[in-house]
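Chemist: Residue numbers (the numbering used here), protein chains in the order written: chain A, 49 to 347; chain B, 49 to 347.
Virtual Cβ for every residue (Gly too), placed ideally from N, Cα, C.
For reference, the structure I am asking about is given below.
As structure tokens, this is what we get:
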């Protein structure tokens, strides 16, 4: 254990923050990968969405939300928001040099590269994430020869928040977004499709159903959870009773909710409307959330 | 002319503010009703959506945005946002007692009552507006015997912003929201349906197509424009060359864009991302917006 991490006992919770409820898909994957760990989750619901805001504003928000989690006490920070992951990581690492810290883009890009034998990678995300080209950068650093095509799929966010996760409407919208994207790749489409927004994993089944056969789905929630587990293990910060996730949790698989019994606790924080957070959040967490368990924080 | 309005020359612009781009449907109706008038439009795009925020926060934001418009100079304020209209009007009237001021809910409610011979009124809006029950209150003050049923229709916002205003997907989503709402009313449905969100008028044709025959559509943008014209006329604040809108602009009709030649100017302000404001805003304004014509303001 290094001097930097010696002040971070393994029994502290892991801090997760997002602009709202979408990051709960990351928390769900984290709880499945690390069932013995405790978590703090902060959704900046008063200021969502981050995807339409400037990078400097989002970076500032990320520092404010992280401060809340660090003040309570966390052993690692997970930025479970693609937009914040794309603009805020350098500032967060500089502000908290001793705190292990990851976003969702690097794990997602690494997983995509591992599932792309021909180097053909499609990305769907919010408009902000697509414009910022963070996935392109993270993929090209690993696979400079990769062919990447990304498209915004904003209605998926609303479908997920509405809880409309299957049926004809979802299928038709998925086709409208994905058929033209698939057509950008010759000879059978891309090797994989990155779900570059934390809202999208709840639509994974409907999305997979309209893709050409053989296109792998990359769920950055799942890959981030593995990344976090490996990082904590490497630093000797896993809580007693935690096990590293096995091969069954490999990139691309989207496990159903609640398949692993969890022992750790979660404390929720929202910057506005705890009741709505609890109601909509259940769709993403795959577990019920009691409004009384969500604390309001003012930022 | 009273002492209060004597400091408000008729040649000042009309100030319009909204949480984002949806209020541009109100601006479009205002420009059609009052083609000789100049306008300032401020979209608080950095802090949208208002619909998920607490009333006190939205009321504070409304005061800040109004201050920007008043400092530049306006002769009337139009709050072209349903959420802000439902919580911010008392504070705005108290802060600017000499400034004529209207939201969109009172005009919409008045128009609905005028189109409801049996007093049966359906309302669709954002979740925040529905929870706040502002339309119910404004309708019941006029028609205490009215039967009102309101439902959130959040996906309409995303469809409008995506520019998907017709086709099978829109029709299917409209049916999913509206069929159960219509079934709440016995014997042929309600008398009218209030479009209680500024995003919804761009979907008016698709919405009308799935309603039972005879259900009138109440576009609060159009009714607000008539309300503003009458208020300015009553105060002697109409610009020379402005005419009061005729019967052709009656409540319920949704005129196509650009049917009246406009002479007045519009200055746009956004609190984040002028380029996105211009791009998405065109859907709602029905005219092109040059990014260079949108000024960034920091709130």
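Which residues mark the beginning and the end of the alpha helix (DSSP H) in which residue 260 (chain A) is found?
Modeler: Here residue 260 (chain A) corresponds to residue number 212 of the first chain, with the count starting at 1. Secondary structure note for residue 260 (chain A): it is in no alpha helix (DSSP H), with a DSSP letter that is neither H nor E.
Chemist: Of all the residues that make up the segment 138-164 of chain B, which are near chain A by a beta-carbon distance shorter than 9 Å?
Modeler: none
Chemist: Could you name the residues that DSSP lists as bridge partners for residue 267 (chain B)?
Modeler: Start at 1 with the first residue of the second chain, and residue 267 (chain B) comes out as number 219. In the DSSP output, where bridge partners are listed per residue, residue 267 (chain B) has B:243.
Chemist: Indicate whether the contact test is met: 3 or more Cβ pairs, each with one atom in the segment 155-172 of chain A and one in the segment 270-277 of chain A, closer than 8 Å.
Modeler: yes
Chemist: Excluding the 5 residues flanking residue 294 (chain B) on each side, which residues of the same chain have their C-beta closer than 6 Å to its C-beta?
Modeler: What you label residue 294 (chain B) is simply residue 246 of the second chain in a count that begins at 1. Only weak support exists for where residue 294 (chain B) lies, its pLDDT of 46 falling under 50; the value from the coordinates is given anyway. Closer than 6 Å at the Cβ level, and outside the excluded window around residue 294 (chain B), lies no residue.
Chemist: Between residue 202 (chain A) and residue 345 (chain A), what straight-line distance do the alpha-carbon atoms span, to the nearest angstrom?
Modeler: Sequence index remark: in the first chain, residue 202 (chain A) carries index 154 (1-based). Sequence index remark: in the first chain, residue 345 (chain A) carries index 297 (1-based). Going from the Cα of residue 202 (chain A) to the Cα of residue 345 (chain A) covers about 28 Å.
Chemist: What residues from chain B crowd round residue 210 (chain A), counting only those whose CB sits closer than 7 Å?
Modeler: Position 162 of the first chain holds residue 210 (chain A). Here the neighbours are 202 and 203.
Chemist: Could you tell me which whole beta strand (DSSP E) segments of length 3 or greater appear in the segment 111-153 of chain A?
Modeler: 124-127
Chemist: Taking Cβ to Cβ, would you say residue 253 (chain B) is nearer than 8 Å to residue 214 (chain B)?
Modeler: As a first step, residue 253 (chain B) is located in the second chain; it is residue number 205 there, counting from the start. As a first step, residue 214 (chain B) is located in the second chain; it is residue number 166 there, counting from the start. Yes, the Cβ-Cβ distance between residue 253 (chain B) and residue 214 (chain B) is below 8 Å.
Chemist: When the Cα of residue 327 (chain B) is compared with those of B:195, B:69, B:168 and B:128, which residue comes out closest?
Modeler: For the purposes of this step, residue 327 (chain B) is taken as the residue at position 279 of the second chain. Comparing Cα-Cα distances from residue 327 (chain B) to each of B:195, B:69, B:168 and B:128, the minimum goes to B:69.
Chemist: Using DSSP with H/G/I as helix, E/B as strand and the rest coil, what is residue 332 (chain B)?
Modeler: For the purposes of this step, residue 332 (chain B) is taken as the residue at position 284 of the second chain. Note: residue 332 (chain B) maps to helix in three-state DSSP.
Chemist: Keeping to the same chain, check which residues put their C-beta closer than 6 Å to that of residue 320 (chain A); ignore five residues upstream and five downstream.
Modeler: In the first chain, the residue the question calls residue 320 (chain A) occupies position 272. For residue 320 (chain A), where only same-chain residues beyond five positions count, the Cβ hits under 6 Å are 93 and 94.
Chemist: If I follow the unbroken alpha helix (DSSP H) through residue 348 (chain B), where does it start and stop?
Modeler: Summary: the structure shown does not reach residue 348 (chain B), with chain B confined to residues 49 through 347, and so no result is reported for it.
Chemist: Note the first and the last residue of the continuous beta strand (DSSP E) segment covering residue 173 (chain A).
Modeler: For the purposes of this step, residue 173 (chain A) is taken as the residue at position 125 of the first chain. Residues 168-173.
Chemist: Just the Cα atoms here: how many angstroms apart are residue 329 (chain A) and residue 312 (chain B)?
Modeler: On the first chain, residue 329 (chain A) is found 281 positions in, with the first residue counted as 1. On the second chain, residue 312 (chain B) is found 264 positions in, with the first residue counted as 1. If I take the Cα positions, the gap works out to 46 Å.
Chemist: Relative to the alpha-carbon of residue 282 (chain A), which residue among A:205, A:160 and A:148 has its alpha-carbon at the smallest distance?
Modeler: Within the first chain, the letter at position 234 stands for residue 282 (chain A). Per the Cα distances, A:148.
Chemist: Name the chain A residues that come within less than 7 Å of residue 10 (chain B), Cβ to Cβ?
Modeler: Absent from the structure is residue 10 (chain B), since the part of chain B shown begins at 49 and ends at 347.
Chemist: Should residue 82 (chain B) and residue 64 (chain B) be called a contact, given that it needs their Cβ atoms to be closer than 8 Å?
Modeler: Along the second chain, one-based indexing puts residue 82 (chain B) at 34. Along the second chain, one-based indexing puts residue 64 (chain B) at 16. Against a cut-off of 8 Å, the Cβ pair of residue 64 (chain B) and residue 82 (chain B) comes out as no contact.
Chemist: Can you name the residues that DSSP bridges to residue 199 (chain B)?
Modeler: Taking the first residue of the second chain as 1, we reach residue 199 (chain B) at position 151. Partner(s): B:172.
Chemist: So with CB distances below 8 Å, who are the chain A contacts of residue 348 (chain B)?
Modeler: Residue 348 (chain B) is absent from the model: chain B starts at 49 and stops at 347.
Chemist: If we define contact as Cβ-Cβ less than 8 Å, is residue 341 (chain A) a contact residue for chain B?
Modeler: If you number the first chain from 1, residue 341 (chain A) lands on position 293. It does not: the Cβ of residue 341 (chain A) has no partner Cβ on chain B nearer than 8 Å.
Chemist: For residue 255 (chain A), decide whether its Cβ has a neighbour in chain B, counting only Cβ atoms nearer than 8 Å.
Modeler: Here the question's residue 255 (chain A) lines up with position 207 in the first chain. No, residue 255 (chain A) lies away from the interface with chain B (no Cβ there is under 8 Å from its Cβ).
Chemist: Using 8 Å for Cβ pairs, my map puts residue 242 (chain B) next to residue 171 (chain B). What's the rounded Cβ distance?
Modeler: Taking the second chain and counting its residues from 1, one reaches residue 242 (chain B) at position 194. Taking the second chain and counting its residues from 1, one reaches residue 171 (chain B) at position 123. Between residue 171 (chain B) and residue 242 (chain B) the Cβ distance is about 4 Å, and since that is below 8 Å, they are a contact.
Chemist: Identify which residue in A:67, A:84, A:61 and A:73 has its Cα closest to the Cα of residue 288 (chain A).
Modeler: Numbered from its first residue, the first chain carries residue 288 (chain A) at position 240. The shortest C-alpha separation from residue 288 (chain A) is found at A:84.
Chemist: Tell me whether the beta-carbon of residue 161 (chain A) lies closer than 8 Å to the beta-carbon of residue 115 (chain A).
Modeler: The residue given as residue 161 (chain A) occupies position 113 in the first chain. The residue given as residue 115 (chain A) occupies position 67 in the first chain. The answer is no: Cβ separation not under 8 Å.
Chemist: Kindly indicate which residue of B:117, B:124 and B:316 has the alpha-carbon position closest to the one of residue 146 (chain B).
Modeler: In the second chain, residue 146 (chain B) corresponds to position 98, counting from 1. Comparing Cα positions, the closest option is B:124.
Chemist: Does DSSP put residue 217 (chain B) in a helix, a strand or coil?
Modeler: Position 169 of the second chain, counting from 1, holds the residue named residue 217 (chain B). Here DSSP, grouped into helix, strand and coil, assigns residue 217 (chain B) to helix.
Chemist: Tell me whether residue 78 (chain A) sits in a helix, a strand or coil according to DSSP, three-state version.
Modeler: By one-based count along the first chain, residue 78 (chain A) stands at place 30. Helix.
Chemist: Counting pairs of Cβ atoms below 8 Å between the segment 254-269 of chain B and the segment 217-234 of chain B, do you hit three or more?
Modeler: yes
Chemist: By the criterion of Cβ-Cβ separation under 8 Å, what are the contact partners of residue 177 (chain A) in chain B?
Modeler: Mapped onto the first chain, residue 177 (chain A) falls at position 129. Those within 8 Å of residue 177 (chain A) in chain B number zero; the least Cβ separation is about 14 Å.
Chemist: List, in order along the chain, the chain B residues whose C-beta lies closer than 7 Å to that of residue 216 (chain A)?
Modeler: Translated into positions along the first chain, residue 216 (chain A) becomes position 168. Those are 220, listed as they occur along chain B.
Chemist: Since residue 93 (chain A) meets chain B, which of its residues come closer than 9 Å, beta carbon to beta carbon?
Modeler: For this step, residue 93 (chain A) is matched to residue 45 along the first chain. Within 9 Å Cβ-Cβ: 100 and 101.
Chemist: Within 10 Å of its beta-carbon, does residue 192 (chain B) have 16 or more other beta-carbons around it, so buried, or fewer, so exposed?
Modeler: On the second chain, residue 192 (chain B) is found 144 positions in, with the first residue counted as 1. Flag for residue 192 (chain B) reads exposed.
Chemist: With a threshold of 8 Å on Cβ separation, who are the neighbours of residue 144 (chain A) within its own chain once the five nearest residues in sequence on each side are excluded?
Modeler: Here residue 144 (chain A) corresponds to residue number 96 of the first chain, with the count starting at 1. Only 114, 118 and 125 meet the Cβ criterion.
Chemist: Could you tell me if the beta carbon of residue 271 (chain A) falls within a distance shorter than 7 Å of some heavy atom in the ligand MN?
Modeler: Here there are no bound small molecules, and the ligand MN is not part of this structure.
Chemist: Can the beta-carbon of residue 239 (chain A) be found closer than 8 Å to that of residue 165 (chain A)?
Modeler: To locate residue 239 (chain A), count along the first chain from 1; it is residue 191. To locate residue 165 (chain A), count along the first chain from 1; it is residue 117. Contact: yes.
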